[in-house]
Amino acid sequence: MTKKLIVGNWKMNGGLADNASLLAALLAGLHDSPADVAVCASAPYLAQLQALLRGSALDWGAQDCSAHEAGAYTGEVSAAMLRDFACRYVIVGHSERRQYHGESDDLVAQKAQRALAQGITPIVCVGETLADREAGRTEFVVKRQLSAVIHAVGHCASEIVVAYEPVWAIGTGRTASPEQAQAVHAVLRAQLRAASAHSSRNRILYGGSMNADNAAELLAQPDIDGGLIGGASLKAADFLHITACCPRVAAGI
Ligand code: PGA
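Under our numbering, the letters of the sequence shown match residues 78 to 330, in that order.
#1: Where are the beta strand (DSSP E) runs, 3 residues long or more, that stay fully inside the stretch 193-241, in chain order?
#2: Ignore the nearest five residues each way along the sequence and tell me which others in A189's own chain have a CB closer than 8 angstroms to its CB.
#3: Three Cβ pairs or more, each shorter than 8 angstroms: is that satisfied between the stretch 81-100 and the stretch 292-312?
#4: With DSSP run on the structure shown, which of helix, strand or coil describes W245?
#5: Determine the direct distance from the alpha carbon of L295 to that of I330, and round the result to whole angstroms.
#6: Measuring CB atoms only, is the stretch 233-253 touching the stretch 279-290, in the sense that at least three cross pairs come out at less than 8 angstroms?
#7: So, is M287 buried or exposed, given that buried needs 16 or more other C-beta atoms within 10 angstroms?
#8: Per DSSP, Y166 is paired with what?
#9: Which same chain residues, not among the five before or five after A157, have their C-beta less than 6 angstroms away from its C-beta?
#10: Measuring alpha carbon to alpha carbon, tell me which residue in T151, A144 and F162 is nearest V185.
#11: Quick one: measure Cβ to Cβ for S235 and S273, integer angstroms, because I've assumed they're closer than 8 angstroms.
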């Protein structure tokens, strides 16, 4: 069994004071966590995360990066800049970016490539809309989204983290059932296996209204390797409870 990975996606929330108290509460509660744990903040706070979390049990990351390397792209943040702040992860292709910023599968794939080139693990989000699901297109959509990334990153496919986030479950309080989530995770697992001989390194997270009440059941599914947590990651007690739901894996596995 792989060690689970629990990632908080703070989205466009937080501030210097709120972040400091949330991080202090997380660090106080995270000793000997059974899972790998990280939080992803907005770019202006990465320096704060680096200062407060360096050497701790909590990793940090960003929520997006540019598809470009450097240059005249006003407002963009490059993967190299994220590396300056020692980001371990960067979320790419979150459905809010696909939806509100028109990000295509190819653009998301370029972002994943840029992150890998800087030694940062991209957390590649995939997920179907309610209309897709109702039309029976879930598998087709998530495979298409992941396939663009696999194609772009080539032999680095085993270095990505995938997050399955059904769009209809994000921030809605409506979670995929453990069986629904497991079914899609199994599809993504098969796709990753076909892409790389080292796919045992890939972790596939579930995201979409995961909370303290439903996490244990979701995390018990064989192909759910962790969670990408939005709303519940802003409350220390809830986020810590989710991390504590993860089974302990013997060291070195
Ligand atoms: P949620 O968000 O947990 O608030 O549904 C998850 C995400 O968007 O990553």
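Ideal placement from N, C-alpha and C gives every residue a C-beta, glycine not left out.
This is what the structure gives:
#1: 198-203 and 238-241
#2: V169, G170, P199, V201, V226, A229, V230 and I237
#3: yes
#4: helix
#5: Residue placement at I330 is poorly supported in this model, since its pLDDT is 47, which falls under 50; the coordinates still yield a value, given next. Their backbone Cα atoms lie some 21 angstroms apart in a straight line.
#6: yes
#7: buried
#8: G138 and T198
#9: Q195
#10: A144
#11: 4 angstroms
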